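What follows is a short report on a single structure.
Residue numbers (my numbering): 179 to 308.
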């Protein structure tokens, strides 16, 4: 919640520059909490320090635009891996659905009902009980 309020302050700031002292006063929190937020946002590349107590949003690249050829190749590789993983996930989902249907059919079959019990001998004859 505090981070959302902080981001709203950045969006409303003149020229996109936010004074951290002003932010702490406006949000009525310790400056340490503001630093916690700015450290995370800076770490993920969303903001940068303009000066000691001022931050600004980093200019964003156009959506999906890699910075260089190396990034473009890495992006293509990751997209290919994601497609393969999606296919594998869909295949596993289909197998799970098939196995669930088989188990349901087996447990609901009248011919199998007499076998759905365990006797004392079944348990005492297990290797761990000998």
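Even for Gly, the Cβ is constructed at its ideal location relative to N, Cα and C. Remember, predicted model here, so these are calculated numbers, not experimental data.
Where residue 296 sits in the DSSP three-state scheme: Residue 296 sits at position 118 when you count from the first residue of the chain shown. Correct three-state label for residue 296: coil.
Residue 202 versus residue 213: straight-line alpha-carbon distance, rounded: Reading the chain shown from its first residue, position 24 is the one you call residue 202. Reading the chain shown from its first residue, position 35 is the one you call residue 213. About 9 Å.
Close beta carbons around residue 292, own chain, < 8 Å, minus the five adjacent residues each side: Position 114 of the chain shown, counting from 1, holds the residue named residue 292. Within the same chain, residue 292 has no close Cβ partners at all.
Ranges of the beta strand (DSSP E) found wholly within the region 263 to 288, counting only runs of at least 3: none
Meets three-Cβ-pair contact criterion under 8 Å: the region 193 to 200 and the region 219 to 239: yes
Residue 211 vs residue 256 beta-carbon contact at 8 Å: Working through the chain shown from its first residue, we reach residue 211 at position 33. Working through the chain shown from its first residue, we reach residue 256 at position 78. For residue 211 and residue 256, no; Cβs fall outside 8 Å.
Contacts around residue 194, its chain only, beta-carbon distance under 6 Å, and the 5 residues preceding and following it disregarded: One-based indexing of the chain shown puts residue 194 at position 16. The residues are 234 and 235.
Reduced DSSP secondary structure (H/G/I, E/B, other) of residue 218: Residue numbering aside, residue 218 sits at position 40 when the chain shown is read from its first letter. Three-state DSSP puts residue 218 in a helix.
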